[in-house]
Amino acid sequence: MKHTISQDEFQTLASEIKLLKKERKAVILAHYYQRPEVQDIADFVGDSLQLSQQAANTDAEVIVFCGVHFMAESAAILSPDKVVVLPDHNAGCPMADMVDADGLRAYKKRVPGVKVVCYVNSSAEVKAESDICCTSSNAVKVVQSLEGDNILFIPDENLGRYAAKLLGRSLQFWPGYCKTHDRLTKEDIHKAKEEHPLAKVIVHPECREDICQEADYVGSTAGLINFSQSSDAQEFIVGTESGILHRLHQVCPEKKFFLASERLVCPNMKLTTLEKVKAALKTLSPRVTVNEEIRVRAKATLERMLAL
Ligand code: 13P
Ligand code: SF4
83 MKHTISQDEF QTLASEIKLL KKERKAVILA HYYQRPEVQD IADFVGDSLQ
133 LSQQAANTDA EVIVFCGVHF MAESAAILSP DKVVVLPDHN AGCPMADMVD
183 ADGLRAYKKR VPGVKVVCYV NSSAEVKAES DICCTSSNAV KVVQSLEGDN
233 ILFIPDENLG RYAAKLLGRS LQFWPGYCKT HDRLTKEDIH KAKEEHPLAK
283 VIVHPECRED ICQEADYVGS TAGLINFSQS SDAQEFIVGT ESGILHRLHQ
333 VCPEKKFFLA SERLVCPNMK LTTLEKVKAA LKTLSPRVTV NEEIRVRAKA
383 TLERMLAL
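For the sequence shown, this note's numbering begins at 83 and goes up steadily by one.
What follows is the structure in structure tokens.
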């Protein structure tokens with residue numbers, strides 16, 4: 083995928099960032115949904131699980147998180163001695179904002195003994211109120227690790243339903259969803275299949291249930307990349323955020339990828355630009371911190387997942 087800035091601008095900014103990064107002893111982590119040029123200057127590009135593992139293990143002094151707020155917050159939870167910066171403080175996740183700690187506490191009061199699985203797309207405060215965290219790559223494994231049937235999955239109803247269906251379990255769901263993946267319709271998939279009859283359909287489990295049913299493979303961003311690499315197929319209809327196409331083209335240059343809908347763009351993920359990354363390294367802001375009492379409890383929730 084092409085950069086969204088000129089090649090000259092890219093070269094200049096990339097070398098400025100490289101120097102600043104060395105000065106600051108910083109590491110740059112980026113999600114697969116980031117702009118192509120941001121992915122290209124990052125030290126590590128990954129899915130939510132891989133990024134949280136990197137954040138927990140790095141020995142850098144500064145983490146520049148090119149993603150959305152909850153991701154930087156997870157880095158601050160796991161690495162409290164490091165400076166964590168998010169290049170644009172408005173880069174939030176609308177799905178994460180669909181559940182808050184007060185609402186969750188009220189639910190737990192209404193349903194005594196309920197165990198709460200929280201998707202990593204949630205605030206530190208919500209994680210602190212939950213029993214175990216999960217990402218889209220390990221949701222099934224996390225739910226499987228819990229006994230009984232008094233389990234609440236928050237905030238992504240689609241991912242929760244997907245995991246429940248695979249395991250044949252009955253779960254309670256929170257009515258949250260990703261505004262970007264929700265834009266994908268069955269009609270989009272049918273149209274793409276008509277245009278590319280030989281293509282495999284690969285989608286993220288944040289898509290609606292009826293979309294996942296149409297897919298040949300459902301998985302996290304890293305899962306979709308691995309599947310495309312190992313599959314014999316040469317063409318793929320991609321049902322997740324557009325930024326992933328950059329990595330797909332890099333790892334499978336000979337294969338063809340078609341975004342299932344032009345509407346699959348997360349505006350929050352696109353807020354990060356190289357100019358903002360440079361400014362964040364210069365000023366070490368906007369900084370993301372977490373209240374210590376909440377951090378300790380949220381860390382336990384994240385670590386129960388990482389231990390699996
Ligand atoms: P994964 O990278 O874990 O698949 O998550 C997708 C996502 O929506 C991140 O906001
Ligand atoms: Fe949140 Fe969806 Fe954007 Fe991921 S793609 S950050 S879940 S709004």
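Beta carbons: idealized from backbone N, C-alpha and C, even for Gly.
Since the structure is predicted, the reported quantities are computational estimates derived from the model, not experimental observations.
For LEU186, no beta strand (DSSP E) encloses it; the enclosing alpha helix (DSSP H) starts and ends at 183-192. Under the DSSP assignment, HIS286 falls outside any beta strand (DSSP E); it carries neither an H nor an E label. Residue pairing from DSSP leaves CYS334 without any beta-bridge partner. Checking the 7 Å criterion, the Cβ of ASN203 is within range of a heavy atom belonging to ligand 1. Distance check between GLY258 and each of PHE126, PHE235, LYS275 places PHE235 closest, using alpha-carbon atoms only. A residue is called buried once 16 or more other Cβ atoms fall within 10 Å of its Cβ, and GLY321 is buried on that count. Distances between the C-beta of TYR244 and the heavy atoms of ligand 2 are all 7 Å or more.
Taking non-hydrogen atoms of ligand 1 into account, the C-beta of HIS328 is found less than 7 Å away from none of them. With at least 16 other beta carbons inside 10 angstroms of its own, GLU239 counts as buried. Remark: fewer than three beta-carbon pairs, one from each stretch, lie closer than 8 Å, so the stretch 365-372 and the stretch 187-200 are not flagged as touching. The C-alpha of ALA96 lies about 42 Å from the C-alpha of GLN295.
Of the candidates SER227, ARG117, ASP292, PRO169, the residue whose Cα lies closest to the Cα of SER324 is ARG117. Shortest Cα-Cα distance from ARG251 to any of LEU266, PRO237, ASN232, GLU269 involves ASN232. For the set LEU388, LEU390, ALA380, the Cα lying nearest the Cα of PRO162 is the one of ALA380.
Looking at the DSSP output, GLN316 shares a beta bridge with no other residue.
Along the stretch 105-147, the alpha helix (DSSP H) occurs as fully enclosed runs of 4 or more residues at 118-123, 130-139, listed in sequence order.
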